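*Asks:*
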Amino acid sequence: MARKISMKMAINEAIDQEMTRDPTVIMMGEDIVGGAGGEGEKDAWGGVLGVTKGLYAKHPDKLLDTPLSESAYIGAAIGAAASGMRPIAELMFIDFMGVCFDQIFNQAAKFRYMFGGKAETPVVIRAMVGAGFRAAAQHSQMLTPIFTHIPGLKVVCPSTPYDTKGLLIQSIRDNDPVIFCEHKNLYGFEGDVPEKSYTVPLGEANVPREGKDVTIVAYGLMAHRALEAADLLAKDGIEAEVIDLRTLSPLDMDTVLESVEKTGRLVCVDEANPRCNIATDVSAQVAMNAFGALKAQIEMVAPPHVPVPFSPVLEDLYIPSGAQIADAARRTLAKGKT
Amino acid sequence: MPDNNPFPLPKDELLDAYRRMRTIREFEERLHVDFARGDIPGFVHLYAGEEAAAVGIMKHLWDGDHIASTHRGHGHCIAKGVDVVAMMKEIYGKKGGACEGKGGSMHIADLSKGMMGANGILGAGAPLVCGAALAAKYRAKQKGGPSDVAISFVGDGASNQGTFLESLNLAAVWNLPAIFVVENNGYAESTARDYGTAVDSYVDRAAGFGLPGITVDGTDFFAVYEAAGEVIRRAREGGGPSLLECKMVRFHGHFEGDAQTYRAKGELEDIRANRDCLQRFTQAILGAKAVSEAELQAIDRDVLGLIERAVAEAKAAPPPDAADLTTDVYVRY
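Chains as they are written, first to last, in the working numbering: chain S, 1 to 338; chain V, 339 to 671.
1. Taking only the alpha-carbon atoms, compute the straight-line gap between residue 613 of chain V and residue 362 of chain V and give it to the nearest angstrom.
2. Quick one: give me the first and last residue of the alpha helix (DSSP H) that residue 607 of chain V is part of.
3. Return yes when the Cβ of residue 76 of chain S is within less than 8 Å of the Cβ of residue 472 of chain V, no when it is not.
4. Under 8 Å, CB to CB, which of the residues in the region 75-89 of chain S have a partner in chain V?
5. Residue 440 of chain V CB to nearest chain S CB: under 8 Å?
6. Please name the residue or residues paired with residue 525 of chain V in a DSSP beta bridge.
7. Does DSSP classify residue 204 of chain S as helix, strand or coil?
8. For residue 120 of chain S and residue 182 of chain S, I'd like the C-alpha separation in whole angstroms.
9. With a threshold of 16 other CB atoms inside 10 Å of the CB of residue 573 of chain V, please say whether the residue is buried or exposed.
10. In whole angstroms, what is the alpha-carbon distance linking residue 560 of chain V and residue 187 of chain S?
11. Have a look at residue 442 of chain V and residue 54 of chain S and give me their C-alpha separation to the nearest angstrom.
12. When burial is assigned at 16 or more other CB atoms within 10 Å of the CB, is residue 268 of chain S buried or exposed?
13. Pick out the complete beta strand (DSSP E) segments inside the region 244-302 of chain S, 3 residues or longer, and give them in chain order.
14. Mapping DSSP to helix, strand and coil, what is residue 584 of chain V?
15. Listing by chain order, which chain C residues have their CB less than 8 Å from the CB of residue 459 of chain V?
16. Measuring CA to CA, which of S:94, S:74, S:196 is closest to residue 87 of chain S?
17. Taking only beta-carbon atoms, is residue 250 of chain S less than 8 Å away from chain V?
18. Quick check on residue 389 of chain S - is its C-beta less than 8 Å from some C-beta in chain V?
19. In whole angstroms, give me the CA-to-CA distance for residue 284 of chain S and residue 300 of chain S.
20. Closer than 8 Å is the cut-off here; do at least three beta carbon pairs connect the region 390-399 of chain V with the region 561-571 of chain V?
21. Expressed to the nearest angstrom, what Euclidean distance is found between the alpha-carbon atoms of residue 322 of chain S and residue 143 of chain S?
22. Output, in chain order, the set of chain S residues within a Cβ distance shorter than 9 Å of residue 507 of chain V.
23. Taking buried to mean at least 16 other C-beta atoms within 10 Å of its own C-beta, is residue 66 of chain S buried or exposed?
24. Tell whether a beta-carbon distance below 8 Å holds between residue 129 of chain S and residue 104 of chain S.
25. Rounding to the nearest angstrom, what Cα-Cα distance links residue 212 of chain S and residue 489 of chain V in this structure?
26. Using only alpha-carbon positions, find the residue among S:217, S:113, S:214, S:292 that is nearest to residue 663 of chain V.
27. Taking beta-carbon pairs under 8 Å, can you tell me which members of the region 280-294 of chain S lie near chain V?
28. Do the region 364-377 of chain V and the region 642-653 of chain V make contact, defined as three or more Cβ pairs closer than 8 Å?
29. How about residue 220 of chain S and residue 157 of chain S: do their beta carbons lie closer than 8 Å?
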């Protein structure tokens with residue numbers, strides 16, 4: 001039965017249900033229980049933002065707090081995955097992957113190919129992404145393109161509680177390494193989520209709003225901004241179609257190309273910095289595969305090519321807004337063929 | 339045990355240890371020759387001279403035990419039971435290789451044998467071994483009895499990698515059935531061990547992380563065998579991780595083609611003459627009359643035949659198909 005819960009609770013419920021279902025599902029990370037070894041409360045934090053709160057009471061043997069030692073425990077999750085377990089590792093902030101990146105891109109991502117198809121590494125690495133938390137340059141990045149670039153990794157970045165639960169369960173059951181990106185500014189966002197277990201397949205975009213005039217492609221927090229833009233455009237009688245990619249690797253280009261064939265106009269939105277990001281990738285693939293359908297140049301909306309600033313005034317300028325996306329849509333509608 | 343065997347292993351086990359060491363030696367010496375002739379693509383790092391460590395440790399292991407090797411991984415593979423012909427095909431980049439020609443010398447793996455791969459990234463195996471040891475701990479809890487163990491190999495060079503040091507700590511705090519073997523051959527690539535590592539004793543380093551450590555003469559098979567037995571037994575019984583340093587010598591360069599001008603004059607001749615672990619083992623078991631010369635010669639013939647066949651099959655094997663370029667990136671995509 002569906003009821004409204006937050007994205008944070010959707011993650012918690014997905015992990016709980018998979019741990020109950022499969023004895024090989026374990027989880028490790030920094031402070032995912034909290035208070036380990038101390039004299040105070042057990043499960044003091046349940047993760048730095050409380051995402052895993054309460055899971056320890058239900059699965060005391062399956063949640064492992066780690067030292068502050070990302071290379072060791074992310075690598076341990078990968079090693080455990082290659083030897084029969086199905087671990088979830090929480091990297092806390094995706095910005096920390098700099099210290100353990102070798103284990104992700106040279107080890108987990110490579111095993112299957114490098115070992116001639118004879119290895120499976122069913123690990124999920126969960127991490128918070130995105131700006132808007134006043135957390136500054138080292139706790140706010142949208143590093144999805146870096147992982148998407150690497151063959152052997154799958155990359156997920158959901159925008160709704162429903163998709164989050166279904167995609168996380170699917171990611172845990174998936175036999176390839178998955179980088180599961182959770183936008184910290186969506187943790188409190190509530191939506192309908194069935195209590196029962198269900199999956200959402202990887203590599204299938206969602207179309208939360210249909211329209212005939214312009215296609216707006218986004219993911220994560222930007223999917224919400226795209227919907228805001230669509231509302232703004234609707235006031236001018238413009239019907240925007242919004243595509244929420246949900247999964248960045250594999251990437252559902254079919255849905256994007258079909259939409260562009262219909263609308264002839266494309267706005268790609270990305271919270272990642274503008275060079276070599278998901279928006280440039282989608283734009284390039286549309287230009288290569290649906291050039292004839294385009295009535296005008298493709299527009300991209302992304303932050304400037306700068307680190308995420310601290311000052312709230314600057315950070316708000318950094319993050320693409322619904323109004324900016326609507327303006328980009330109007331620009332492409334004002335140009336080109338009719 | 340017969341009277342003429344003073345060793346901790348029965349005769350058939352001594353002969354098996356000899357066979358494994360001899361196989362590694364012949365495999366590597368043959369690669370040295372064939373590489374110089376230009377038969378082999380890519381980078382090759384040879385294990386010759388270090389056989390007693392791999393075999394002295396691996397004699398205690400079974401298939402459920404995991405190891406993570408280094409760029410110098412052929413010896414670990416052979417000692418852990420990876421098929422020698424499949425290895426040779428892999429080194430030649432051929433179809434039917436241990437990794438279907440997609441990994442090469444630096445990435446030979448056989449997970450069915452608990453061999454988690456040679457590794458091109460120095461120190462990268464240590465965190466993976468923590469994971470394999472964690473999985474072993476869960477399995478042991480479920481089924482009872484002694485735990486499988488997981489063993490990470492690093493050289494003295496990679497013992498300075500953060501991944502290695504972090505793994506010592508993680509294994510200690512989680513009390514994992516993990517063993518960290520430092521193969522100290524005196525050189526981190528071309529750089530002397532003492533130049534790059536300030537602490538003299540790896541036992542001290544282990545103590546700094548809360549682990550017991552042992553240093554052994556890695557050219558002495560029986561010293562390695564005994565020390566490895568102790569740390570592996572402790573890990574199997576839930577006593578946690580240890581560090582084992584094997585002081586050893588490398589008969590070849592860091593990589594094939596390395597002119598080794600950094601070595602002292604006469605050093606290579608000296609270590610070949612005086613610190614050859616295989617010669618030492620052979621003299622010990624023959625000297626005690628635990629085995630006969632004829633028995634060793636029979637093994638030598640077998641091994642030479644095996645290596646000859648491996649090279650012939652590797653050369654004759656077809657290369658991967660063009661279609662293989664894009665397969666096996668994912669289980670499903």
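In this text, a Cβ means the ideal position worked out from N, Cα and C, and glycines have one as well.
If you're wondering where the values come from, they're calculated on a predicted model, not measured in any experiment.
*Replies:* On the basis of the supplied data:
1. 17 Å
2. 605-612
3. yes
4. 75, 76, 77, 78, 79, 80, 81, 82, 83, 84, 85, 87
5. Yes, residue 440 of chain V lies at the interface with chain S (some Cβ there is under 8 Å from its Cβ).
6. V:530
7. Residue state, collapsed to three classes: coil.
8. 24 Å
9. buried
10. 58 Å
11. 46 Å
12. buried
13. 247-249, 266-269, 299-301
14. Reduced to three states, the DSSP call for residue 584 of chain V is strand.
15. Looking for chain C here will not work: the only protein chains present are S and V.
16. S:74
17. yes
18. The first residue shown for chain S is 1 and the last is 338, placing residue 389 of chain S beyond what the model contains.
19. 11 Å
20. yes
21. 21 Å
22. Those within 9 Å of residue 507 of chain V in chain S are 67, 69, 72.
23. buried
24. no
25. 60 Å
26. S:113
27. none
28. Contact holds: three or more Cβ-Cβ distances are below 8 Å.
29. yes
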